[in-house]
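Notes follow the structure.
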Amino acid sequence: MAKNIAEQIVEMLENANVKRIYAVTGDSLNHLNAAVKKSSIKWIHVRHEEVGAYAAAAEAELDGFAVCAGSSGPGHVHLINGVYDAHRSHVPMLVIASTIPSDEMGMDYFQETNTIKLFDDCSHYNQMITRPEQVQRVMQTAIQHAISKKGVAVIGLPGDVSEMDAEEATTSNQIFKTNPIVRPSDDELKNLATLINNSKKITLYCGVGAADANREVVELSGLLKAPVGYSFRGKMAIQPNNPNEVGLTGLLGFPSAYHAMHEADLVILLGTDFPYQKFMPVKNKIVQIDESPERLGRRAKLELGLAGDIKQTIRALLPMLTEKTNVNFLNEQLAFYDKVKENQMEYVKDFGKEDAIQPEYVTHTLDRLAKKDAIFTVDTGMCCVWGARFITGTGERKMLGSFNHGSMANAMPMAIGASLTYPGKQVIAMCGDGGLSMLLGDMATIFQYKLPVKLIVFNNRTLGMVKLEMEVGGMPDNETDMINPDFALVAQAMGYPGKNVHKPEEVENAIKECLNHEGPYLLNIFTNPNALALPPKIEFDQIVGMTKSMTQLMLGGKMDEVLETVKSNYKHIKGLL
17 MAKNIAEQIV
27 EMLENANVKR
37 IYAVTGDSLN
47 HLNAAVKKSS
57 IKWIHVRHEE
67 VGAYAAAAEA
77 ELDGFAVCAG
87 SSGPGHVHLI
97 NGVYDAHRSH
107 VPMLVIASTI
117 PSDEMGMDYF
127 QETNTIKLFD
137 DCSHYNQMIT
147 RPEQVQRVMQ
157 TAIQHAISKK
167 GVAVIGLPGD
177 VSEMDAEEAT
187 TSNQIFKTNP
197 IVRPSDDELK
207 NLATLINNSK
217 KITLYCGVGA
227 ADANREVVEL
237 SGLLKAPVGY
247 SFRGKMAIQP
257 NNPNEVGLTG
267 LLGFPSAYHA
277 MHEADLVILL
287 GTDFPYQKFM
297 PVKNKIVQID
307 ESPERLGRRA
317 KLELGLAGDI
327 KQTIRALLPM
337 LTEKTNVNFL
347 NEQLAFYDKV
357 KENQMEYVKD
367 FGKEDAIQPE
377 YVTHTLDRLA
387 KKDAIFTVDT
397 GMCCVWGARF
407 ITGTGERKML
417 GSFNHGSMAN
427 AMPMAIGASL
437 TYPGKQVIAM
447 CGDGGLSMLL
457 GDMATIFQYK
467 LPVKLIVFNN
477 RTLGMVKLEM
487 EVGGMPDNET
497 DMINPDFALV
507 AQAMGYPGKN
517 VHKPEEVENA
527 IKECLNHEGP
537 YLLNIFTNPN
547 ALALPPKIEF
557 DQIVGMTKSM
567 TQLMLGGKMD
577 EVLETVKSNY
587 KHIKGLL
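In terms of my numbering, the sequence shown is residues 17 to 593.
Right under this line is the structure:
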């Protein structure tokens with residue numbers, strides 16, 4: 017019996033080493049689902065397509081390629097947030113958007129959406145299959161785009177087309193995973209070497225594009241006596257075994273990295289598209305090296321902009337450089353970093369009180385007890401801050417988050433994808449109460465597939481980052497409070513243990529119990545709602561804004577909240593100003 021198009025698509029996915037499709041089945045996806053059931057691919061039945069897209073994005077980042085799917089209309093729209101996240105994170109993902117019968121298109125049919133328009137802004141490739149002769153060519157091209165351009169490819173698949181008899185194409189069905197060596201030309205490298213050799217104080221700043229070049233970055237730093245800062249996405253790869261690292265900069269970062277970049281004569285940006293222009297220095301020379309030349313110069317005024325793989329570029333550059341002998345600048349920055357880390361530990365030592373446990377203490381304890389090869393996922397907002405500042409890179413750990421798209425609710429879904437991709441590894445989701453609430457239903461997916469995910473809920477009963485944004489803008493926070501369910505009871509209703517932690521002295525044993533449990537486990541920790549995540553450089557208008565908002569809160573009768581905010585953060589403020 018001849019295979020149909022759905023079976024042909026699944027066969028191609030098997031040949032591309034796809035292991036899972038994350039989706040909610042039904043309607044126009046039914047033929048694809050039936051084909052998957054007969055294959056080696058596992059259909060992961062999520063409760064919400066957005067969760068499926070996030071989970072697939074996590075798998076794609078960890079394993080190189082992943083697939084999610086959504087059916088007509090609402091399924092497409094539900095996918096879109098996670099698809100945007102994957103595309104902006106530059107991870108290779110295929111989206112199968114099954115849709116209405118082809119003869120009904122353009123007729124305002126039930127659940128009709130235009131997949132080309134809908135996904136056009138979050139994909140490198142976006143096409144509709146309407147004839148059997150297209151299938152293999154379109155599928156091969158889509159996958160090739162996803163893995164080569166590092167982003168999303170979308171296939172529109174009408175339900176009636178998926179059941180048609182398949183036809184063989186004359187073009188290649190093979191997927192080509194190329195790995196070219198790309199670096200600047202010799203003349204460009206000579207210009208860069210001259211600039212470096214003539215500079216006295218140099219700082220390296222690394223992003224996720226330098227993730228494979230830890231050894232080369234450390235060697236370059238040692239040769240140049242240069243401190244090394246990094247972005248959040250670059251942290252897990254750049255921090256380990258790096259004696260000259262000075263932490264992050266940006267909204268989540270440390271004063272030390274900010275200081276090292278601003279005090280340098282020359283800043284070299286390696287594989288980073290760091291978006292926060294206000295944290296970039298403007299009075300020194302800046303060089304940017306990136307594998308994507310279209311990114312050069314859009315964040316800072318450059319002395320040189322070079323295209324190349326960071327590892328290969330550094331290897332070619334090293335023989336051209338003269339070793340620096342003056343270590344004063346480096347030692348000053350490292351001493352400052354030591355002081356910053358000492359100040360950060362004040363929050364670990366002063367661990368809060370009942371129902372106001374310091375989140376820094378929780379994260380530091382989690383970091384200490386987690387395995388050296390654990391995979392962490394972090395919700396956007398305050399959890400990103402605590403993860404950035406207190407989870408240590410070991411060289412084996414991974415940290416996943418919505419770092420480019422900045423969407424809430426990503427930690428738990430990404431943990432699903434991570435746990436399925438690496439079933440033997442410890443997977444820890446650092447969830448905000450706001451984030452977890454948003455996609456609460458897929459806690460059931462964790463139980464259904466018996467995933468040993470550890471959900472650590474930083475329950476501060478507020479949208480903490482939004483509250484901070486309003487306060488530094490001079491506004492009293494409004495409608496940021498969260499009236500939450502008992503998350504521990506929710507976990508128990510879903511089928512696995514959940515525990516509430518109200519007191520600081522309960523934290524360590526509770527985390528140990530959670531991490532040592534063989535299956536899924538939720539830990540609901542009542543953290544301090546007034547803990548603030550202040551940036552590494554406090555601007556005067558932010559101080560004015562905070563003063564205004566605190567005054568308005570006092571005038572509104574919220575004196576207790578003002579006092580708690582000041583008491584909770586005075587060390588941090590003192591250490592940064």
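Note that beta-carbon positions come from the ideal geometry of N, C-alpha and C, so glycine has one too.
Distance between beta carbons of residue j and residue i, contact taken as under 8 Å
i	j	result
Ile116	Pro200	The Cβ separation is near 50 Å, so there is no contact.
Ile432	Val469	7 Å
Cys222	Thr288	6 Å
Ser272	Phe352	5 Å
Ala276	Val298	Wrong, their Cβ atoms sit about 15 Å apart, outside the cutoff.
Ala71	Tyr38	5 Å
Pro148	Ile302	That pair is no contact at about 53 Å.
Leu286	Ala226	5 Å
Ile197	Gln328	5 Å
Glu77	Ser56	Between Ser56 and Glu77 the Cβ distance is about 22 Å, and since that is not below 8 Å, they are no contact.
Gly122	Met144	At roughly 12 Å, the Cβ-Cβ gap does not stay under 8 Å, so Gly122 and Met144 are not in contact.
Beta-carbon spacing of residue i, residue j below 8 Å
i	j	result
Phe542	Val506	no
Pro256	Gln349	no
Gly449	Arg63	Per the sequence presented here, residue 449 reads as Asp, with Gly not at that position. No, these two residues do not count as a Cβ contact at 8 Å.
Val168	Thr219	no
Val234	Asn214	no
Thr146	Val177	yes
Ala445	Leu471	yes
Ile25	Val111	no
Glu75	Arg36	yes
Gly511	Asn540	no
Leu455	Val473	no
Thr461	Ala427	no
Gln360	Ala547	no
Lys340	Asp281	no
Asn195	Ala372	no
Pro429	Val67	yes
Val523	Val378	yes
Ile254	Ala32	no
Ser435	Thr396	no
Asn142	Val107	no
Ile96	Leu45	no
Leu268	Tyr246	no
Phe270	Val356	yes
Met336	Ala229	no
Status (buried if at least 16 other CB within 10 Å, exposed otherwise) for residue i
i	result
Met252	buried
Glu23	buried
Arg413	buried
Lys206	exposed
Ser114	buried
Arg231	exposed
Asp502	exposed
Thr338	exposed
Asp137	exposed
Arg384	exposed
Leu334	exposed
Glu555	No answer about Glu555 holds up, because its pLDDT of 48 lies below 50 and its placement is not dependable.
Asn475	buried
Gly202	The identity of residue 202 in the sequence shown is Asp, whereas the question assumes Gly. Its Cβ having fewer than 16 others within 10 Å, Asp202 is exposed.
Ala51	buried
Glu534	exposed
Identity of the residues DSSP links to residue i by a beta bridge
i	result
Asn20	Asp181
Pro439	For Pro439, which the question treats as bridged, DSSP gives no partner whatsoever.
Asn475	Phe542
Thr393	Leu416 and Ala445
Thr115	Pro174
Glu261	Val244
Trp59	Ile37
Gln374	Note: Gln374 sits in no beta bridge, so no partner.
Val83	Ile37 and Leu110
Ala273	Beta-bridge pairing links Ala273 to no other residue.
Val168	Met109
- Query: Are the region 357-365 and the region 385-392 touching by the rule of at least three beta carbon pairs closer than 8 Å?
  - Reply: Taking 8 Å as the limit for Cβ pairs, the verdict is that the region 385-392 does not touch the region 357-365.
- Message: If contact is defined by three or more beta carbon pairs under 8 Å, each pair taking one atom from either stretch, is the region 390-406 in contact with the region 50-62?
- Response: No contact exists between the region 50-62 and the region 390-406.
- For the region 175-188 and the region 304-321, state whether three or more C-beta atom pairs, one from each stretch, are separated by less than 8 Å. No, the region 175-188 does not touch the region 304-321.
- Query: Using 8 Å as the Cβ pair cut-off and three pairs as the minimum, do the region 184-197 and the region 293-312 touch?
  - Reply: Fewer than three Cβ pairs drawn from the region 184-197 and the region 293-312 lie within less than 8 Å of each other, which leaves the two stretches out of contact.
- Message: I want to know whether the region 84-94 touches the region 120-134 - three or more CB-CB distances under 8 Å.
- Response: Two segments are said to touch when three or more pairs of C-beta atoms, one from each, lie closer than 8 Å; by this definition the region 84-94 touches the region 120-134.
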